[in-house]
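Beneath this line is the structure, given in structure tokens, with notes to follow.
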Amino acid sequence: MNEYLNNLNKSQLKSVVDSNGPSIVIAGAGAGKTRVLTYKIVHLISKGVNPFNILGLTFTNKAAREMKNRIEKIVGPNAKNIWMGTFHSIFAKILRYESELMGYSSNFSIYDTDDSKSLLRRIIKNLNLDIDLYKVNQVQSRISSLKNNLITVNAYNNNFDLKKQDLISKREKIGLIYETYNKECFKADAMDFDDLLLKTNELLHNYPKILHKYQMKFQHILVDEYQDTNHAQYLIIKSLASLNENLFVVGDDAQSIYSFRGANIDNILNFQKDYPDASIFKLEQNYRSTKNIVNAANSIIKNNKNQYFKNVWTDNESGEKIFVKENFNDNEEAFNVANSINSIKVQEFSPNLDFAILYRTNAQSRSIEEALNKLNLKYKIFGGLSFYSRKEIKDLMAYFKIVVNQNDEEALRRIINYPKRGIGLTTLNKLSIQANKSQKTIWNIIENIEHEKINLNSSTLNKLINFSDQIKSFKLISQTKDALETAIIISKESGVLNELKKDMTPEGINRYENIQELINGIRNFVIENKEDLNDNSKVDINSYIEEIALITDLDDFDDEENDFISLMTIHQSKGLEFENIFIVGLEENLFPSQMSMASTLDLEEERRLFYVALTRAKKRISISYALNRFRFGNMIHSEPSRFLKELDEQFIEYNSRSVSNNNFNSVIKLKKKFEKNKLKKIVLEKINYNFQGQQFEIGMKVKHPKFGIGVIFNLDGQGINKKISVKFKEFGEKTLLEQYSKLEIIN
DNA sequence: GTATTATCTAAGTCT
DNA sequence: TAGATAATAC
Numbered sequence: 007m008n009e010y011l012n013n014l015n016k017s018q019l020k021s022v023v024d025s026n027g028p029s030i031v032i033a034g035a036g037a038g039k040t041r042v043l044t045y046k047i048v049h050l051i052s053k054g055v056n057p058f059n060i061l062g063l064t065f066t067n068k069a070a071r072e073m074k075n076r077i078e079k080i081v082g083p084n085a086k087n088i089w090m091g092t093f094h095s096i097f098a099k100i101l102r103y104e105s106e107l108m109g110y111s112s113n114f115s116i117y118d119t120d121d122s123k124s125l126l127r128r129i130i131k132n133l134n135l136d137i138d139l140y141k142v143n144q145v146q147s148r149i150s151s152l153k154n155n156l157i158t159v160n161a162y163n164n165n166f167d168l169k170k171q172d173l174i175s176k177r178e179k180i181g182l183i184y185e186t187y188n189k190e191c192f193k194a195d196a197m198d199f200d201d202l203l204l205k206t207n208e209l210l211h212n213y214p215k216i217l218h219k220y221q222m223k224f225q226h227i228l229v230d231e232y233q234d235t236n237h238a239q240y241l242i243i244k245s246l247a248s249l250n251e252n253l254f255v256v257g258d259d260a261q262s263i264y265s266f267r268g269a270n271i272d273n274i275l276n277f278q279k280d281y282p283d284a285s286i287f288k289l290e291q292n293y294r295s296t297k298n299i300v301n302a303a304n305s306i307i308k309n310n311k312n313q314y315f316k317n318v319w320t321d322n323e324s325g326e327k328i329f330v331k332e333n334f335n336d337n338e339e340a341f342n343v344a345n346s347i348n349s350i351k352v353q354e355f356s357p358n359l360d361f362a363i364l365y366r367t368n369a370q371s372r373s374i375e376e377a378l379n380k381l382n383l384k385y386k387i388f389g390g391l392s393f394y395s396r397k398e399i400k401d402l403m404a405y406f407k408i409v410v411n412q413n414d415e416e417a418l419r420r421i422i423n424y425p426k427r428g429i430g431l432t433t434l435n436k437l438s439i440q441a442n443k444s445q446k447t448i449w450n451i452i453e454n455i456e457h458e459k460i461n462l463n464s465s466t467l468n469k470l471i472n473f474s475d476q477i478k479s480f481k482l483i484s485q486t487k488d489a490l491e492t493a494i495i496i497s498k499e500s501g502v503l504n505e506l507k508k509d510m511t512p513e514g515i516n517r518y519e520n521i522q523e524l525i526n527g528i529r530n531f532v533i534e535n536k537e538d539l540n541d542n543s544k545v546d547i548n549s550y551i552e553e554i555a556l557i558t559d560l561d562d563f564d565d566e567e568n569d570f571i572s573l574m575t576i577h578q579s580k581g582l583e584f585e586n587i588f589i590v591g592l593e594e595n596l597f598p599s600q601m602s603m604a605s606t607l608d609l610e611e612e613r614r615l616f617y618v619a620l621t622r623a624k625k626r627i628s629i630s631y632a633l634n635r636f637r638f639g640n641m642i643h644s645e646p647s648r649f650l651k652e653l654d655e656q657f658i659e660y661n662s663r664s665v666s667n668n669n670f671n672s673v674i675k676l677k678k679k680f681e682k683n684k685l686k687k688i689v690l691e692k693i694n695y696n697f698q699g700q701q702f703e704i705g706m707k708v709k710h711p712k713f714g715i716g717v718i719f720n721l722d723g724q725g726i727n728k729k730i731s732v733k734f735k736e737f738g739e740k741t742l743l744e745q746y747s748k749l750e751i752i753n
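When we follow this note's numbering, the leftmost residue of the first sequence carries the number 7, and every step to the right adds one.
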């Protein structure tokens, strides 16, 4: 049983075995932070701690899931009882249990940033405030930062300094907006992301019995990425841990990159002050990267004044130097990156998954995307406009949300006239006014519309009655059927699916497919969660909505078996590692960002961000910058980033533009290479094609992993372009490329 | 009430 | 540049 300890080096072992009571592990990048955390939990369990009494807080759901799986492999299914997840998801879970104390229902909605903003927009408008002074984004982030520092409306009103700040920026009504916003959220039975932390604090603070209950439950608390906790999270951890003081945190001050979200690097620096007898461990050996990478990263971070001293080193080989490439513009940069990836792939037979392209801002992904497309390289973009923030997805999800919580006003406003049912702005305003008069929600008015004294014509009245009946019937359905059936019925009956079917433009088809994808997701969700339930209970739409509210793109990273190049912001890459890393856009005003230039603190955070980017790589790093970049609608000239000058030269190979004078030649070379690769690809595809060897014919019954069973009704095209049209039982007609179709012939 | 067109505005990182 | 919102015509 104790053999798991053999998987640890000396200092890792020490931090796992010798940590009793409050402990902090300061670990350099790639030094095995997650490993220590994982084995610490295994160690606790093997010493007899009940998994039920362990709380593990991580930064992403993915990290939590992976860790839990690893633990389960070692200690067995008992590990399922560990509470492990992100701060937000764990606290949401607690809040749902205790919601009634706080005046919420257990089905409360979680407003995402879009919901918050649209509510704020309405409030600002209703208060007749100047929308140029009260920019929604700024107001939202102001309120968010107040909440993250646990400053309630009352506290704000009594805080002279804060009010003065807003007075100076001529936004003295922030307090009023804040108050109205809270009231509206409460009325809608909704919490925003920040509320999940704020309300948990309130709960633990105002109800000592509840606090005690969770203190007794969570006898061991472990926190990952402690450097990125904000004040609210810090206090929750502190109060939960105060009884047993079995608090084990790991982090790296050099990787603190979330101060914009209220993360406070002092939490890690002050750990000793909070717990005077805390044990401190340091992990300094890097197992991930080559010497060149580790040393280059060190040469960057040493420029920061504000940090713990650490000596990160590695026993790995020296490896290649970091390659720095100058480009004429952003398109050339993208092309060069795509091309380098292509040549490495050809030379080393490496899969796409070995590559990641990291950038400072999401907007940079576009040119890269184009370049990768040209070379037929498969990629996946994380973040940006995520799947769940697409309009069609949000629309359908709004139906699900309203079924769970009819008072969710953001959801209601989204769907009350989608698809068009003749309930327009005028009617909505009348309803809204009536609702405000009587302190009710819009839904309260609609569900009783016959008895409300509102000036509506009979046709509108009928439309409202129909709408309310439909929602009520959906509600009933959701109570008797599982999430999948409910979702399918709602998507059909609401008319959303038909609305999208009508649109035959490529975008329209794409939207329709996204809906299918969503339904597939729900199907998987139901299947995965069924195992954990008793036979007669259902995986209902409520549980799906709860799960999805806090999920991010990154979380379904490994759900697909596909081989793709990862495109993401550096922030998103935290905690991940890849063989080859391409960091693009190393230009002044972009990285470091323009907005960080004013303060040393912000600039140091940008530098830490660069440090994070560099330390993602195991084997090879390519950095690039463009002298001209398309930004804000026009071409902008840029200077190479100051961070490039900070990189110690001995670890870099610099490829400036002036060196390769014969650009023409290199383009020809690239092109030839490209053609060659393309040829190779086609050959490969042909092999795959032949290998499959299935002969499809019209009328055959086939099975698809996602779409289920169907019948072939048409064949088209030749060779690798061969297309198969299938009519699926549940998903209707689809045309698939044979080589990618994954179809299986059944009898 | 709805569809189309014109105008405006923001452009940073995330749960 | 693109997405959101306002203005306009139907």
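Beta carbons are placed, not taken as given, at the ideal position from N, Cα and C, and that holds for glycine.
Check	Outcome
Reduced DSSP secondary structure (H/G/I, E/B, other) of ASP136	coil
Same chain, Cβ closer than 8 Å to ALA755, neighbours up to 5 away in sequence not counted	With the chain represented from 7 up to 753, any question about residue 755 goes unanswered, as that position is not in the structure.
Assigned exposure category for ASN671 - 16 Cβ within 10 Å defines buried	Residue placement at ASN671 cannot be trusted, given a pLDDT of 39 that sits under 50; what the coordinates show is reported in the next sentence. Label assigned to ASN671: exposed.
Backbone CA spacing between LEU609 and SER262 [nearest angstrom]	12 Å
ASP198, DSSP secondary structure in three states	strand
Rounded straight-line distance, which links the Cα of SER549 to that of VAL532	10 Å
Residues bridged to ASN6 (per DSSP)	The shown model of the chain, from 7 to 753, leaves out residue 6, and the question about it has no answer.
Own chain, CB closer than 7 Å to ASN322, minus 5 neighbours either side, in chain order	SER295, THR296, LYS297
ASP475 classed as buried or exposed, judged by whether at least 16 other C-beta atoms fall within 10 angstroms	exposed
Residue ranges of each beta strand (DSSP E) within the segment 568-616, 3 or longer	571-575, 584-589
Backbone CA spacing between LEU418 and LYS407 [nearest angstrom]	9 Å
Where ASP195 falls, given that 16 or more other Cβ within 10 Å makes a residue buried	buried
8 Å Cβ cutoff met for LYS624 and PHE584	yes
LEU289 classed as buried or exposed, judged by whether at least 16 other C-beta atoms fall within 10 angstroms	buried
Residues near LYS205 by beta carbon distance below 7 Å, same chain, minus five either side	LEU101, MET108, MET197
Chain-order list of residues whose beta-carbon lies under 7 Å from that of LEU503 (same chain, five-residue window excluded)	SER497, ILE521
PHE480 vs VAL410 beta-carbon contact at 8 Å	no
Three-state class that DSSP yields for GLN445 in the structure shown	coil
contact_flag[the segment 79-96, the segment 244-256] where n(CB pairs < 8 Å) is 3 or more	no
Among SER371, GLY257, SER285, nearest to LEU391 - alpha-carbon criterion	SER371
Check whether LYS176 and LEU139 have beta carbons under 8 Å apart	yes
Three-state class that DSSP yields for PRO646 in the structure shown	strand
Residue range of the unbroken beta strand (DSSP E) whose run includes LEU524	Counting along the chain, LEU524 falls outside any beta strand (DSSP E), though it belongs to the alpha helix (DSSP H) covering 512-536.
Secondary structure of ARG622, DSSP reduced to three states	coil
Burial state of GLU681, where buried means 16 or more other Cβ atoms lie within 10 Å	Only weak support exists for where GLU681 lies, its pLDDT of 43 falling under 50; the coordinates are left without a value.
Distance, LEU607 Cα to ALA260 Cα	13 Å
Inter-residue spacing [alpha-carbon to alpha-carbon] between LEU156 and GLU499	43 Å
Uninterrupted alpha helix (DSSP H) stretches inside the segment 366-452 (no shorter than 4 residues)	371-380, 397-410, 415-421, 431-443
Buried or exposed by the 16-neighbour rule on C-beta atoms within 10 Å, applied to LYS68	buried
The segment 222-236 in contact with the segment 267-276 per 3-pair CB rule at 8 Å	yes
Status (buried if at least 16 other CB within 10 Å, exposed otherwise) for ALA238	buried
Spatial distance of THR66 from GLN440 (CA atoms)	42 Å
Between the CA atoms of PHE114 and ASN337 - distance to the nearest angstrom	46 Å
Alpha-carbon to alpha-carbon, SER147 and ALA344	36 Å
Reduced DSSP category for GLU739 - H, G, I as helix; E, B as strand; rest coil	strand
Continuous beta strand (DSSP E) stretch holding SER115: start and end	115-117
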